[in-house]
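Just so you know, full-length UniProt numbering puts 93 at position 93 of the sequence shown, and the rest follows in order with no gaps. The beta-carbon is built from N, C-alpha and C at its ideal position, and this holds for glycine as well.
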Amino acid sequence: MSVTVLVKCLERTPDMLASKIIIPVPKIENRKFTKPLLCGPGPCDVWPSVAEALNKPILSPMCDEYFNLMADIRDSLKYLFQTKSKLVLAISGSGHSAMEATITNLIGPNETMLIATRGIWDERALNIAQRHNIKAIPFRIPFNTTFSYEHIEAELKKWKPTALFVTHGDSSTGTVQKLDGLGELCHKYGALLIVDTVVSIGGVPFLMDEWGVDAVYTSTQKVLSGPAGISPVAFSERAEEKMNNRKHQPPFYLDIKLLAQQWNCYGNTRAYHHTLCSPMLWALLQCLQEINKRTLPKFWKTHADVVGHFHKRLRQYGFNFLVPKAEDRLATVTTVVLPQGYDYLKFVKYMRENYNILIFGGLGPTAGKALRIGIMGVNATIEVADAVADGMAGTLKALTKSYNILIFGGLGPTAGKALRIGIMGVNATIEVADAVADGMAGTLKALTKSSL
């Protein structure tokens with residue numbers, strides 16, 4: 001660069017460069033917003049104490065206050081997961097970051113991962129594995145059911161995978177998979193057990209060490225009742241040994257061996273990896289403290305009691321459940337089937353506009369086939385369950401189609417025993433007959449109550 005060019009560059013003051021601005025300042029509206037009651041499959045409303053925690057001071061990632069905060073989080077995560085493992089920490093990002101971290105740290109290219117597939121999160125695990133050249137093998141069942149151990153064992157025996165991936169609670173289907181003894185079954189065939197507990201942890205029993213789970217992850221925006229953005233993970237000694245002997249490199253940002261140094265998992269090192277969001281760390285600790293002060297057994301019982309009450313109310317209103325077996329139904333997210341002819345998106349929209357309650361339609365295999373209602377964490381109360389059930393009943397009634405056709409019940413000997421439909425005279429046409437028949441069919445479907 002010549003001296004002349006350098007001088008000209010240095011002479012370019014901010015005022016001189018102002019004329020080069022080609023994108024104007026955007027006009028951002030102060031949009032009005034009425035906060036709804038969040039009763040979808042996630043995110044959930046946050047604890048008031050968590051909202052306060054988000055306003056705590058920003059910390060340097062290399063100061064004692066930051067280190068103490070991380071230590072408190074690790075102790076609470078060991079309680080949440082019920083593990084004595086040292087390799088327990090939290091990853092920046094939502095649940096997908098933790099999913100990718102657990103898979104890529106434990107399974108290398110050309111190694112085999114078996115995926116017990118019944119919902120969208122198992123499909124996401126398949127997608128991630130394939131992107132990292134892992135030999136991913138899904139085996140599927142109907143999405144509103146769960147796996148038998150006989151089925152799983154047959155697949156383990158056939159494929160001899162490096163790991164089995166299982167979703168504990170599936171928010172796309174409203175199912176909960178039994179896990180007790182599954183780790184032992186996996187280890188019998190030399191496989192690690194990876195478990196997604198994003199929507200189940202805290203709401204239903206989970207015992208990492210007792211059940212032989214090798215890798216588990218969750219996230220903050222479900223039962224923990226915090227904002228999305230940080231995801232706890234834990235690994236067994238067996239998983240740790242696999243990582244120490246791996247021949248591949250996982251993504252740098254998700255490398256558990258490096259993150260373990262930042263989180264001082266072994267008590268002998270403290271190395272900087274990246275700057276975690278300290279408000280999210282404060283929030284995570286407060287989420288865990290809310291569970292700590294209630295205790296896991298009591299919080300599990302709260303969810304069981306509330307969902308039991310909620311399901312009873314739904315049955316009273318004539319709603320059907322997507323998952324036929326009660327033991328397969330997830331306590332935190334309920335999937336409901338509407339009578340034929342109802343539009344799921346219109347139902348969700350009406351609930352929001354008229355009751356200010358946000359529930360979701362189906363996702364993945366349940367899209368257009370179910371409603372997904374989440375009553376968990378801070379919202380796991382009888383009051384919330386009643387509000388949602390009443391809102392759903394009101395919405396169903398409001399959206400029931402009116403046919404404006406007058407027919408009569410019985411008279412005399414047929415009173416209370418029959419309908420009387422007259423199609424005669426000027427109305428003796430195929431068009432009228434079809435309209436009445438269709439209206440009767442639609443009314444019958446709308447009034448049919450669940451036998452569950």
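Inter-residue spacing [alpha-carbon to alpha-carbon] between residue i and residue j
| i | j | result |
| --- | --- | --- |
| Ser172 | Met280 | 26 Å |
| Gln289 | Gln82 | 15 Å |
| Thr302 | Gly93 | 28 Å |
| Ala304 | Tyr189 | 34 Å |
| Asp209 | Met440 | 57 Å |
| Gly229 | Ala418 | 60 Å |
| Gly181 | Trp159 | 20 Å |
| residue 457 | Met376 | The structure shown does not extend to residue 457, since the chain is modelled only from 1 through 452, so no value can be given for it. |
| Ile134 | Met113 | 7 Å |
| Val216 | Lys312 | 32 Å |
| Gly169 | Val176 | 4 Å |
| Thr366 | Leu284 | 31 Å |
Test item: CB-CB of residue i and residue j under 8 Å
| i | j | result |
| --- | --- | --- |
| Ile357 | Pro36 | yes |
| Val195 | Val333 | no |
| Leu371 | Ile359 | yes |
| Ala398 | Tyr350 | yes |
| Pro41 | Gly374 | yes |
| Ala53 | Gln286 | yes |
| Gly203 | Gly183 | no |
Residue(s) in a DSSP beta bridge with residue i
| i | result |
| --- | --- |
| Arg372 | Thr335, Phe360 |
| Leu419 | Gly409 |
| Gly169 | Val176 |
| Leu37 | Ile357 |
| Ser92 | Ile230 |
| Met113 | Ala136, Ala163 |
| Arg329 | Thr175 |
| Phe321 | Val336 |
Other residues of its chain near residue i: CB distance less than 6 Å, five sequence neighbours each side excluded
| i | result |
| --- | --- |
| Thr218 | Thr197, Val198, Ile201, Pro232 |
| Lys242 | Leu106 |
| Lys449 | Annotation note: pLDDT 40 at Lys449 (below 50); position unreliable, no value reported. |
| Leu38 | Cys44, Asp45, Leu358 |
Where the beta strand (DSSP E) through residue i begins and ends
| i | result |
| --- | --- |
| Lys298 | Careful: Lys298 lies outside any beta strand (DSSP E), inside the alpha helix (DSSP H) at 296-316. |
| Val195 | 192-196 |
| Val50 | Careful: Val50 lies outside any beta strand (DSSP E), inside the alpha helix (DSSP H) at 48-53. |
Terminal residues of the alpha helix (DSSP H) in which residue i lies
| i | result |
| --- | --- |
| Ala239 | 237-244 |
| Ile256 | 256-262 |
| Ile128 | 120-131 |
| Leu396 | 382-399 |
| Ile73 | 64-81 |
Neighbourhood of residue i by C-beta, 8 Å cutoff - its chain only, sequence neighbours within 5 removed
| i | result |
| --- | --- |
| Lys84 | Lys78, Asp209 |
| Met435 | A quick correction: the sequence has Ala, not Met, at residue 435. Excluding sequence neighbours, Ala435 sits near Tyr403, Ile405. |
| Asn110 | Asn133, Ile134, Lys135 |
| Gly416 | Gly409, Gly410 |
Cutoff 7 Å; reference residue i; Cβ partners in own chain excluding five residues on either side
| i | result |
| --- | --- |
| Val432 | Ile423 |
| Gly61 | According to the sequence as given, residue 61 is Pro; it is not Gly. Excluding positions up to five away in sequence, the list reads Tyr272, Thr275, Leu276. |
| Leu452 | Because the pLDDT of Leu452 is 32, which lies under 50, any placement of that residue in the model is unreliable, and the number read from its coordinates should be weighed accordingly. Hits under 7 Å: Arg315, Asn320, Phe321. |
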